[in-house]
Amino acid sequence: MTVYLSILILGLAILGLSIGVIFSDKPIQGSCGGVGADESCSICEGDAQKCETIEAL
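Using this note's numbering, read the sequence shown as starting at 1 and increasing by one per residue.
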């Protein structure tokens with residue numbers, strides 16, 4: 001019974017986080033690290049102005 005309850009609680013937490021990501025309308029980003037300074041990401045495609053605009057949102 002405890003295992004089923006744990007799986008249910010974990011599933012609800014994942015569902016809640018997923019709904020939050022969907023409704024926030026922002027890309028997921030890491031807390032630290034990430035792409036190096038001389039690499040481009042798929043979001044801004046190397047355009048610094050576009051990255052600043054995305055970060056301002």
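Cβ coordinates follow ideal geometry from the N, Cα and C atoms, glycine included.
Looking at the unbroken alpha helix (DSSP H) that takes in Ile58, where does it start and where does it end? In the structure as shown, the chain starts at 1 and stops at 57, and residue 58 therefore has no counterpart that could be examined.
Rounding to the nearest angstrom, what Cα-Cα distance links Ile19 and Gln29 in this structure? 16 Å
Under the three-state reduction of DSSP, which class applies to Gln29: helix, strand or coil? Coil, per DSSP.
In whole angstroms, what separates the C-alpha of Val3 from that of Gly11? 12 Å
Span separating the alpha-carbon of Ile14 from that of Phe23: Cα-Cα distance, rounded: 14 Å.
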